[in-house]
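Let me begin by presenting the structure, written as C-alpha cells, before commenting on it.
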Amino acid sequence: MSRRSTADRPTFERPSMSTTTEIDLAGYCAETAQKAKAASYELANIDTELKNRWLFDSADRLVADLDTILQANAKDVAAAPDYNLSDAAVDRLRLDKNRVDGIAQALREIAALSDPIGEVIDGFTRPGGLRIVKRRVPLGVVFFIYESRPNVTADAAAICVKSGNAVILRGGKEAIHSSRAIVELLQQSAREIGLPGDAVQLVQTTDRQAVGQFLSMSDCIDVAIPRGGEGLIRRVTSEATMPVIKHFDGNCHVYVDRNADVPMAVNIIENAKCQRMGVCNACESLLIHADIATTVLPAIAERLSSYPIEMRCDDRAAKLVPGSLEAQESDWSAEYLGPIISVRVVDSLDEAVGLINRYGSHHTDAIVTDNVRAAEQFTSGVDSSAVMVNASTRFNDGGMFGLGAEIGISTDKFHARGPCGLRELTTYKYIVQGDGNIRT
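Counting from 1, position 140 in the sequence shown corresponds to residue 140 in my numbering; the numbering is continuous, with no gaps.
This is the structure:
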C-alpha cells in the first residue's frame with residue numbers, strides 16, 4: 001500500500017520539556033492526536049505478518065542499541081533524587097543488559113500471540129439470504145498514561161500495535177530519556193518495516209497540562225488507559241471525554257471459610273500478601289469464619305510475623321493475635337501496598353460476601369474452602385473482576401491467565417474487565433453481504 005514520504009508529513013517542532021507555551025502545547029497535542037488517528041486507519045489494514053516483523057525487528061534493535069538505551073537511562077537515574085524517588089522506584093527505573101534483554105523478549109512473546117484482528121466472532125444468514133458476520137477490529141487510538149517504568153513503554157506500544165491500534169504514550173517525567181530512546185527505536189523500525197511511524201508516539205513534554213489536552217480530544221482518541229496512583233486515575237476519569245479503561249485501587253480480600261484446609265489457607269495468604277506487596281492484586285484484607293478462627297488465625301499470624309506484617313484486627317481477631325493493632329473503619333477499605341493487613345472475624349459466608357462488596361475494590365477476591373457449594377455461592381456473590389477459589393489473588397494477571405502481555409487490569413464492566421490484553425483492545429463491526437437485497 002502507498003504511504004506518504006517523510007517529507008510529505010507535516011512537521012512540528014518538539015516542545016521544550018519546561019518552556020512549552022499554552023498555545024504551542026495545544027497545537028502540539030492536537031497534531032500528535034491527528035497523526036495517531038491517521039496511523040490507526042492504516043494499521044487496521046496491516047496484516048499480522050508485518051506487525052510481527054516489526055516486533056521481532058524492534059526487539060533486535062533494542063538489544064543491538066543497548067549502549068544508547070543505557071546512556072539515556074543513566075540520565076534518568078541521575079535525575080531521580082530531584083524527584084524524591086524511593087529506592088524501590090529507582091530500582092524499577094534502572095535498566096541494565098538483563099532488563100533490556102527482558103524487554104526485547106517480551107516483544108518477541110507478544111509476536112507469538114494470536115492476532116485477534118479479523119477474527120469472526122459470529123456469523124449467520126437471514127431468511128432473505130442476507131449474510132451477516134461479526135468481526136473483531138481495533139479500537140483505534142489509545143492514550144496511555146503510566147508510571148516511570150521504561151519496560152512499560154515498550155510493552156504498551158507492542159500490545160497496542162499488535163492489536164491494530166495506534167498509541168500515544170505519556171510516561172512519567174522520571175523516565176523521559178529512557179522512554180524517548182526506546183520509542184525512537186520502535187519508530188525507526190516501523191518506518192523501515194512498513195508500518196506507519198506515527199503508530200507509536202511518545203508525548204515529548206512533561207507538562208501536566210498535556211494530559212488534559214489529550215483527554216479533551218475524543219474526535220481523535222478512542223480510549224484512555226491510566227496506570228498509576230489513584231489520584232492520576234481519578235483525574236483521568238474526571239476529565240476524559242472518551243471511554244476510560246482503569247481500576248482505582250486494589251483492596252483484595254481472602255476469605256477463609258469454615259471448611260477451609262488450614263495449611264492451604266496459610267500458604268495462600270502468605271503468597272497473596274507477601275510474594276509482592278506493592279501491587280494491585282496483593283491481599284490487603286483477611287476475613288476468617290468464626291468457626292475456624294481459633295485454629296487458623298494464630299497459624300496465619302505466625303507465618304506473617306517473619307516478614308513482618310502488621311495486623312490490624314477487629315475485637316475478635318485481636319484476641320487471637322497478640323501484639324496486633326486495633327483496626328479503624330478506614331482499614332477495611334485501605335490499599336496498603338506494604339506490610340500491613342486488616343483482619344476481621346465473620347459469622348457467615350454471606351457476611352463475608354457483603355463486606356467484600358461493600359469495602360472491596362472489585363479487583364480480585366479469593367475464598368479458601370473445601371465446600372463446593374460455598375465456593376459457588378462466593379463466586380456468584382462477589383462482584384469483582386476475578387474471583388479465586390483456593391488460589392492466591394496474585395494470579396489475576398494477563399500472563400498468569402495465559403492471555404499474554406497486558407496493558408492493565410480493569411474493574412469496569414464496560415467494555416473490558418480483568419486483565420486487558422490484545423482482545424480487550426478490540427471491538428467489533430458487522431459486515432453484511434447481500435445479493436441486491438432491499439428492505440420492504
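Ideal placement from N, C-alpha and C gives every residue a C-beta, glycine not left out.
Between the options, which has its C-alpha nearest residue i's C-alpha?
i, options, result
"aspartate 350", "Leu297, Val387, His363, His289", "His289"
"proline 243", "Tyr307, Lys173, His415, Val266", "His415"
"methionine 311", "Ser333, Ala282, Ile367, Arg344", "Arg344"
"glutamate 174", "Leu85, Pro138, Arg136", "Leu85"
"tyrosine 83", "Ser148, Cys220, Leu25", "Ser148"
"serine 189", "Thr369, Leu50, Ile121, Glu284", "Leu50"
"cysteine 420", "Leu403, Arg208, Asp91, Gly436", "Leu403"
"glutamate 329", "Asp91, Asp314, Phe395, Leu304", "Asp314"
"threonine 48", "Asp122, Ala158, Ala299, Arg61", "Ala158"
"phenylalanine 378", "Tyr255, Lys413, Tyr146, Val321", "Tyr255"
"asparagine 52", "Cys29, Ala26, Leu186", "Leu186"
"valine 474", "Tyr28, Ser361, Glu406", "Residue numbering for the chain in the displayed model covers 1 to 440; residue 474 lies beyond these limits and cannot be assessed."
"proline 339", "Ala282, Thr206, Ser178", "Ala282"
"leucine 66", "Pro81, Lys97, Ile300", "Lys97"
"valine 200", "Gly27, Leu55, Ala293, Gly381", "Leu55"
"proline 322", "Tyr336, Gln433, Ile300", "Ile300"
"valine 372", "Asn251, Ala89, Cys280, Arg258", "Arg258"
"valine 223", "Arg99, Ala352, Ile168, Ile309", "Ile168"
"glutamate 31", "Met277, Val346, Leu287, Ile221", "Ile221"
"threonine 68", "Ala327, Ala80, Ser178, Asp24", "Ser178"
In this structure, how does DSSP classify residue i when only helix, strand and coil are distinguished?
i, result
"threonine 68", "helix"
"lysine 75", "helix"
"serine 218", "coil"
"lysine 246", "coil"
"tyrosine 146", "strand"
"phenylalanine 124", "strand"
"isoleucine 168", "strand"
"threonine 440", "coil"
"valine 200", "strand"
"arginine 423", "helix"
"glycine 434", "coil"
"leucine 55", "helix"
"leucine 195", "coil"
"serine 5", "Model confidence at serine 5 stands at a pLDDT of 35, short of 50, so the residue's coordinates are unreliable; what they give is reported in the following sentence. Three-state result, serine 5: coil."
"leucine 130", "coil"
"asparagine 84", "coil"
"serine 392", "coil"
"asparagine 151", "helix"
"aspartate 47", "coil"
"serine 178", "helix"
"aspartate 331", "helix"
"asparagine 371", "coil"
"serine 40", "helix"
Per DSSP, which one or two residues make a beta bridge with residue i?
i, result
"isoleucine 356", "Partner(s): none; isoleucine 356 has no beta bridge."
"serine 410", "Gly418"
"leucine 113", "Note: leucine 113 sits in no beta bridge, so no partner."
"leucine 186", "According to DSSP, which records beta bridges pairwise, leucine 186 is partnered with nothing at all."
"arginine 135", "Val120, Lys429"
"proline 226", "Ile145"
"glutamate 310", "Ile340"
"glutamate 326", "Cys313"
"methionine 400", "Its beta-bridge partners do not exist; DSSP assigns none."
"valine 387", "Asp365"
"leucine 287", "Tyr255, Arg344"
Which two residues bound the contiguous beta strand (DSSP E) that contains residue i?
i, result
"threonine 294", "Where threonine 294 is concerned, there is no enclosing beta strand (DSSP E), although the alpha helix (DSSP H) it sits in stretches over 290-304."
"threonine 206", "Run containing threonine 206: none; DSSP gives neither H nor E here."
"aspartate 365", "364-368"
"serine 441", "Absent from the model: residue 441. The displayed extent of the chain is 1 to 440, so no value can be given."
"valine 382", "Element bounds for valine 382: n/a, residue is neither H nor E."
"tyrosine 255", "252-256"
Considering residue i, what are the terminal residues of the alpha helix (DSSP H) in which it resides?
i, result
"alanine 88", "87-93"
"methionine 264", "262-274"
"valine 321", "No alpha helix (DSSP H) holds valine 321; DSSP gives it neither H nor E."
"valine 279", "Here valine 279 belongs to no alpha helix (DSSP H), and DSSP marks it neither H nor E."
Cβ contact (3+ pairs, closer than 8 Å) linking the segment 240-260 and the segment 211-231: yes
Check whether the segment 151-167 touches the segment 69-89, taking contact to mean three or more Cβ pairs, one atom from each stretch, closer than 8 Å. no
Does the pairing of the segment 105-115 with the segment 125-143 give three or more beta-carbon distances under 8 Å? no
Per the contact definition of three or more C-beta pairs closer than 8 Å, is the segment 27-35 in contact with the segment 192-207? yes
Counting pairs of beta carbons, one from the segment 234-243 and one from the segment 266-279, are three or more of them closer than 8 Å? no
Between the segment 393-401 and the segment 363-372, do three or more beta carbon pairs fall short of 8 Å? By the Cβ criterion, the segment 393-401 is in contact with the segment 363-372, since at least three pairs of Cβ atoms, one from each stretch, lie closer than 8 Å.
Take every Cβ of the segment 159-167, pair it with every Cβ of the segment 122-131, and state whether three or more of those distances are shorter than 8 Å. no
Count the CB pairs spanning the segment 93-109 and the segment 204-218 that are closer than 8 Å, and state whether there are at least three. no
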